[in-house]
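Residue numbering for the sequence shown follows this note's numbering, starting at 1105 and increasing by one per position.
Heads up, the beta-carbon is just placed ideally off N, CA and C, and yes, glycines get one too.
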Amino acid sequence: MRRFSKPKPYPAKTGPRLHIGCGEKVIPGWTNIDSRRLPGVDFVLDVRRGLPFERAAAIYAEHFLEHLALDEALALLAECRRVLAPEGVLRISTPNLDWVLASHYRLGQPIPDEERVVDCFRLLRAFHGWGHRFLYNRAMLSAALRASGFETVRFQRYGESDQQVLRGLERHETWEDTPELPHVLIAEASGIARPQPLPEKPVREFLAAVETT
């Protein structure tokens, strides 16, 4: 897996709140970070090369993690844990693989072949057409966060949080879903623990397969 060397931090006040991959949807009061020089962006960074901050109070990324390759995503999550203050919280919002499968591919339903063709295109578009590199279900996202050194992972609803500063952050469009099957996974990770590695064999086989494509 990719590892970062510890970058020299930017001068910053204690306890910044970092908004990663903000695009044009900047959040007032947060340090907005993007790879492009857009209005409201405070730092233009390729976060795959590390985060030059320390003791962040919170980190937020909406619909960003799925655009990274798996090894890049795991490295970034570990980097977020390093950058956060011990009591800091990472809030991640990312499409739910289980919802994509359930809503884009009507498995087991008696539908005509021509509709199954359409379903095939819709499902593959969810992976490739939107620039996705890796989609997560609840178990995988939780496992990835614990593999990155977070002790506690709690899933929240869109716009909701136990912490006031993390409420109402989501800007991405919403879709009809249910509490049991949300269209996005919103996880808040905190605490520090010994990383719990992902199962080695499937990770190795997956990375070997995608590297050949």
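Taking DSSP as the reference, what is the three-state secondary structure of residue i?
i	result
Val1257	strand
Glu1274	coil
Glu1170	helix
Ala1179	helix
Glu1354	No information on residue 1354 is available, as it lies outside the stretch 1105 to 1317 that the chain covers here.
His1232	helix
Ser1252	coil
Ala1247	helix
Ser1197	strand
Glu1309	helix
Applying the 10 Å Cβ sphere with the 16-neighbour rule, what's the burial state of residue i?
i	result
Val1148	exposed
Thr1198	buried
Trp1234	exposed
Leu1273	buried
His1276	exposed
Leu1332	Outside the displayed span of the chain (1105 to 1317) sits residue 1332, for which this structure offers no information.
Val1221	exposed
Arg1195	buried
Ala1313	exposed
Thr1135	buried
Going by CA-CA distance only, name the one from the options that's closest to residue i.
i	options	result
Leu1227	Pro1286, Arg1195, Trp1203 and Pro1216	Trp1203
Ile1124	Ile1131, Gly1133, Asp1138 and Pro1132	Asp1138
Leu1181	Val1151, Gly1119 and Arg1242	Val1151
Glu1128	Asp1217, Arg1141, Lys1305 and Tyr1164	Arg1141
Asn1241	Val1314, Leu1122, Leu1169 and Gly1119	Leu1169
Cys1126	Leu1178, Glu1166 and Ala1177	Glu1166
Met1244	Tyr1262, Pro1214 and Leu1178	Leu1178
Shorter than 9 Å from the beta carbon of residue i to some beta carbon of chain D?
i	result
Phe1147	In summary, chain D is missing from the structure at hand, where a single protein chain is found.
Below 8 Å on the Cβ atoms is my contact criterion, and I expect residue i with residue j to pass it. Report the Cβ-Cβ distance as a whole number of Å.
i	j	result
Gln1260	Ile1290	5 Å
Val1288	Asn1200	6 Å
Leu1155	Val1187	5 Å
Leu1270	Asp1175	About 27 Å separates the two Cβ atoms, so there is no contact after all.
His1171	His1236	7 Å
Cβ contact check for the stretch 1203 to 1217 and the stretch 1158 to 1166: 3 or more pairs under 8 Å
No: the two stretches stay apart, fewer than three of their Cβ pairs being nearer than 8 Å.
Contact the stretch 1244 to 1252 vs the stretch 1298 to 1310: 3+ CB pairs below 8 Å:
yes
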